[in-house]
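Chains as they are written, first to last, in the numbering used here: chain A, 362 to 510; chain B, 362 to 510; chain C, 362 to 510; chain D, 362 to 510.
C-beta: ideal position from N, C-alpha, C; glycine also.
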């Protein structure tokens, strides 16, 4: 069930939802599109056994994966149809560990360009009582490529 | 089935295997310990629907997660019992996309220290015919913390 | 001549000014403290022959060095007297090239902590006509250490 | 005086030397080309008042700048005449602080490509008695662009 308060029926949101539905890993982890506007995308990931590390909290790999798609899809919103992005690289700082609740990653385009797109991503944790904490920050470089499917 | 050619009965390998078995995400993705020596750890991840992105290749999130644990466990090999590591940050460059086969990540300690440990990680792709390609490089910063479980 | 509009007579600004005056490289490049508050520091660097690269624009090394001290001094503002910081690592994305005018780097603390401080830095270019452009973004990890001088 | 043991009369070394001589900042800091081969470049920087931080050691900004040109010029060696590189981003970990002596940065191409080149750089410190220590590691992303001068 999608409980977002944002409109996901727009062309940009539909385009991203279509791509996200093709990501086996993200479907598997139950990632969900929350918001998609020009230059900004938000995605969420619920806590489950599938995303824990050895202490029982969210795995850095899950936080990184969610941040990566938030930034990547933010980049996609500034590109024409028929063009995709690949992540050239990212860097992520983990600020605090969390269990339960969900992660919400907000990606924003800092600089669009023909050769390179740069984004920053903030990953928040929302605990079951609704308390929100910044849990990671990411800086990412993407390259536009022709869509091949 | 564990088909590594390295000895995993050593104390250092047993310590890492015990930690890895506690990682819900890594178990879920079928990550496997291949090699553990002082300052070096290798882990592998098979291709499956659980790790794909929208073009059908390995997801950057899976590559990053595997690299993160290779580097983190390499750091653990230079720390005494009762001490764990948390990843402060990492940066990963993706060099090429791959389907099928498996990923092998080799993490090495570049600099150990009381406050900070720095590692580098190479992630290789092994295709079903045995061809090996470097598919990502990572640089990572870890912080030693007391083990709490 | 210091033409900042911010108050540099506060204890936190004086502490940073004292440290900055000890940096041979920054004095040499004519870096200047502009603003210092809890969790935020701004520094500037004028264009000169001493900071150019092969095309005549600001050298990435100068942009990186300025960003590094903006973030490092922002971290210092949240630490007690007698404690310093060392940069464990940073990552910088260069967004656009610029000549003439000056650079202004604004560093902000994202997460303070006993073991690790994380900052983000925005580096702007101000052209001679007063036009301001974001020219680089940085994400940085610092470690508090005892002051030894 | 150039005291390198490597041949700097080759076309690739001459090409890099010509570019380096145009860098105001690097000339100013007395950076020197040591070695240039396909996929590998080494540059050095002597200790001086012009490169110190507040504790009297090499400034992170100088270490980063030297690493940046080592990686950038390594990338240049795999590109045809008439093409230059710009640094899209880099990430650097500082491993230890040093005074006196000189820095030697060795940049290597990890992955060449039409859109993106990835390098890794090791920065060593050589003390006055000849003792060599690894003092920083860098991972860098570059973009080929047409040469405009």
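Contact residues of the region 372-401 of chain C toward chain D are 380, 381, 383, 384, 385, 386, 387, 389 (C-beta to C-beta distance below 8 Å). The beta carbons of residue 499 of chain A and residue 420 of chain B sit no closer together than 9 Å. Taking a C-beta cut-off of 8 Å against chain C, the contacting residues of the region 443-454 of chain A are 452, 454, listed in chain order.
In the structure shown, residue 486 of chain B falls within a strand segment according to DSSP collapsed to helix, strand and coil.
Shown here, residue 376 of chain A sits in a helix according to DSSP, grouped into three states. Neighbours of residue 410 of chain B across chain A, judged by C-beta separation under 9 Å: 385, 386, 388, 389. Note on geometry: alpha-carbon atoms of residue 438 of chain D and residue 479 of chain D lie some 13 Å from one another. Each of B/487, B/492, B/494, B/451 was checked against the Cα of residue 406 of chain B, and the nearest Cα belongs to B/487. Using beta-carbon distances, residue 502 of chain B counts as an interface residue toward chain C, with a partner under 9 Å. Looking at the DSSP output, residue 494 of chain A bridges to A/486. In the displayed model, residue 479 of chain D falls within a strand according to three-state DSSP. Contact annotation: residue 504 of chain A and residue 429 of chain A have beta-carbon atoms that are not nearer than 9 Å. Under the Cβ criterion (8 Å, minimum of three pairs), the region 392-399 of chain B counts as touching the region 371-384 of chain B. At a C-beta separation below 7 Å, residue 413 of chain D has these neighbours in chain C: 384, 385, 386. In this structure residue 453 of chain C is in contact with residue 451 of chain D, their Cβ atoms being roughly 6 Å apart against a cut-off of 8 Å.
Within the region 466-496 of chain D, those residues whose Cβ lies closer than 8 Å to any Cβ of chain B are, in chain order, 471, 472, 479, 481, 495.
Linking residue 411 of chain D to residue 444 of chain A through their CA atoms gives a straight-line distance of about 47 Å.
In the three-state scheme derived from DSSP, where H, G and I count as helix and E and B as strand, residue 411 of chain C is classed as helix. Counting C-beta atoms within 10 angstroms of its own C-beta, residue 426 of chain A has 16 or more neighbours from the protein chains shown and is therefore classed as buried. Around the beta-carbon of residue 413 of chain A, 16 or more other beta-carbon atoms lie within 10 Å, marking it buried. When the five nearest sequence neighbours on each side are left out, the beta carbons in the same chain lying within less than 8 Å of the beta carbon of residue 377 of chain B are those of 394, 397, 402, 434, 437, 438, in order along the chain. When the alpha-carbon of residue 472 of chain A is set against those of A/458, A/495, A/501, the nearest one is in A/501.
Put simply, the backbone Cα of residue 415 of chain C is about 4 Å away from that of residue 384 of chain D.
Going by DSSP, residue 392 of chain D is part of no beta strand (DSSP E) at all; its letter is neither H nor E. At a cut-off of 9 Å between beta-carbon atoms, residue 420 of chain B makes contact with chain A. For residue 417 of chain C, same chain residues with a beta-carbon under 8 Å away, outside a window of 5 residues either side, are 460 in chain order. Counting along the chain, the unbroken alpha helix (DSSP H) around residue 434 of chain B starts and ends at 421-437. At a C-beta separation below 9 Å, residue 510 of chain B has these neighbours in chain A: 415, 416, 417. By the C-beta density criterion, residue 379 of chain A is exposed, having fewer than 16 other C-beta atoms within 10 angstroms.
The CB of residue 429 of chain A comes closer than 8 Å to the CB of 421, 422, 425 in chain B, given here in chain order. Contact between residue 493 of chain B and residue 485 of chain B holds, with the beta-carbon distance rounding to 5 Å and staying under 8 Å. Around residue 456 of chain B, the beta-carbon contacts reaching into chain D at under 8 Å are 471, 472, 479. Note that the C-beta distance between residue 458 of chain D and residue 496 of chain D is below 9 Å. By the CB criterion at 9 Å, residue 404 of chain D and residue 466 of chain D fall inside the cutoff. Under the Cβ criterion of 9 Å, residue 498 of chain D is counted among the residues facing chain B. Boundaries for residue 416 of chain B: no beta strand (DSSP E) harbours it, and the DSSP string shows neither H nor E there.
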